[in-house]
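Just so you know, my numbering puts the end of the sequence shown at 474, numbered straight through with nothing missing. Glycine residues also receive a C-beta, built at the ideal position from the N, C-alpha and C atoms. Computed from a predicted model, the values in this text were never measured in an experiment.
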Amino acid sequence: MTTNCAMRSPATALIVAVLASWWVAAQSPPPFESVGLPDHFVATLALQTSNGQVSAGSAAFQVDCTRLQFVVNLEQAFTNVTGTTLRTGTRQVRVDLGPGTMAFGAKIASEGVAAAAGKPNLLAGNPKALAPIRYAGAVPLHVTLLRELQTGQGVLRLILKAPEGQGAALPIVEGPLLAVTNAGATNPLPCWPRSPRSVTARYTAGPAFAVPFDIYADGVGEVDVDAEGETDFFFCVSTLCVGPTGGGYPCPFPISVTCFGTNQMLARSYKAAVLAIGATIGPAPPAESSWTKYNVRLTSLTDPGPVATDDLGRLGEGYLGLRLRQADGWHYGWMRVHLSSAAPNPFWPVPVIEDWAYEPAPDTAILAGARPVPVPLRNDGLQASGRLRMTFTGEIGQAYTLQFRPELTVGWWTNLSGALISTAREVLLDVSLTGPSGFYRVIEAE
């Protein structure tokens, strides 16, 4: 496959090709389905005390298609603990240990759970001489957790809750998730949904930010989706009470999204709709959703024992549907958000806005997560014909599109070609060295 593009000088061409290839690799994370990981993980859990670490139990995880199945074994000393928040890395899910159910998720099979009178006896006796307390269940996988597991950054963190009247929370029990190296080949996740490709979406890779707790933090929490210099949406945290609440009632901390100007967001009642990857975002809203210009609640934390609720608390990560009102009509887009435990206080799961994109064509639907997916380019140098040759490894029958950008970090990419169908694994691109200089990349097309 050969295509012609204009550039000004050989020296500029060589530098530009190398820089563009590096920049694309650095700024464009791989699509979801290309992330492989081992099938099994284990964690040894410990309770940190003033006298050092105390053994608290163990856990095992197994990748099952788009879910992560888990078994947690706590030492018998934890018998009368009534609840916990299970967080795998930046993933949070609420687990109620006593009744054996998991809020916003599947049932938990619990064994040996018994309510005991008195204060939690976490450190007394000999826990190892007793049968452990076992909990089992599954949590959905998402791209953030996948990448943490793949790079060895996953952590299992249990935030325990004492029985009512005996304190709000106990010390954190945690341990790193370690891959079982002899468990077999990595799992290619064959049933993982394919990340939508787009040759037109205008994609911005952050920078990611955590939703601020300070509503007066200048510039923090603002998102300019179309990069026109004006805030389109604003995220912040507020509180509905001051000081401790009486009677053990939780104090809610709603996390809200404000739509600036005439922009709108998909909502279910007064809550933001958190969509799965590939969901259609367009003029016709999904079932039980509607477009709104009013403030919507992204999720809510409660104190004591802060836990995120609603769709985001259940899924851990998802997409917000949005639309921008411009002179030529509505422009539809998405923002990816996940819950992060990487906060100064690990008791608080903080929503993080990762990246966003919108469709430049008016009144045109976009798929949640749709973005350009570049392929790594190799610079093969100048050819006798006076052209710069670039190559990449493709898939036979896969369509690709060549894009151009005059400045590396300013403006948007534009398409220089229609769909280029690969007829061989190794694809050649010959670029002319005359004309204006700029940057090139190749992206996958549907």
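Only residues of its own chain outside the window of five on either side were considered, and among them A238, V239, F263, I283, L326, T327, A336, L340, V365, H366, L367, S368 have a CB closer than 8 angstroms to the CB of P379, listed in chain order.
Cβ-Cβ separation between L416 and L461: approximately 6 angstroms, consistent with a contact (criterion under 8 angstroms).
Looking at the DSSP output, P282 shares a beta bridge with S328.
Residues A74, L75 of the same chain have their beta carbon placed closer than 8 angstroms to that of Q81, with the five preceding and five following residues left out of the count. Segment contact: the region 441–458 against the region 412–428, three or more CB-CB distances shorter than 8 angstroms; contact assigned. For L457, DSSP records a beta bridge to M418. When secondary structure is reduced to three states using DSSP, R175 falls in the helix class.
Per DSSP, E382 is one residue of the beta strand (DSSP E) stretching across 378–386. Note that the C-beta distance between V99 and V208 is not below 8 angstroms.
The residues E382, D383, in chain order, have a CB closer than 7 angstroms to that of G234 in the same chain once the five nearest residues on each side in sequence are set aside.
Within the region 72–100, the runs of beta strand (DSSP E) that reach at least 3 residues and sit entirely inside it are, in chain order, 80–92.
In this structure, A396 lies near G306, with their beta-carbon atoms less than 8 angstroms apart. Look at G341 here: in three-state DSSP terms it is helix.
If you draw a straight line from the Cα of R351 to the Cα of W358, it is about 6 angstroms long.
For T429, the uninterrupted beta strand (DSSP E) segment begins and ends at 427–433. Relative to A166, the option among L205, V265, L173, L96 whose CA is nearest is L96. When the beta-carbon positions are compared, Y428 and R230 stay at least 8 angstroms from each other.
Looking at the DSSP output, E202 shares a beta bridge with A74, R185.
A Cβ-Cβ distance of about 12 angstroms is found for the pair Y360 and L303, leaving them out of contact under the 8 angstroms criterion. Look at R162 here: in three-state DSSP terms it is strand.
Minimum Cα-Cα distance from L174 among the listed residues S445, L430, D67 corresponds to D67. Secondary structure at T308: strand, using DSSP grouped into helix, strand and coil. By the Cβ-count criterion, S223 is buried, with 16 or more other Cβ atoms from all chains shown falling within 10 Å of its own Cβ. Inter-residue distance for M418 and T172 is about 32 angstroms (C-alpha atoms, whole angstroms). Residue pairing by DSSP places V302 opposite L348 in a beta bridge.
Secondary structure of Y322 (DSSP, three-state): coil. Measuring C-alpha to C-alpha distances from Y468 to each of S445, E454, E474 identifies S445 as the nearest.
Under the 10 Å beta carbon count, L436 is surrounded by fewer than 16 other beta carbons and is classified as exposed. Boundaries of the beta strand (DSSP E) around S368: 357–368. Apart from sequence neighbours up to five positions away, the residues of its chain that approach F288 with a beta-carbon distance below 7 angstroms are T259, D260, F261, F262, ordered along the chain. Looking at the DSSP output, F288 sits in no beta bridge, so it has no partner there. Contact between A393 and T308 holds, since their C-beta atoms are separated by about 5 angstroms, short of 8 angstroms. In the displayed model, I394 falls within a strand according to three-state DSSP. Each residue's CA atom was taken as its position, placing P204 and E345 some 21 angstroms apart. Measuring C-alpha to C-alpha distances from G349 to each of D338, L343, D356, T320 identifies T320 as the nearest.
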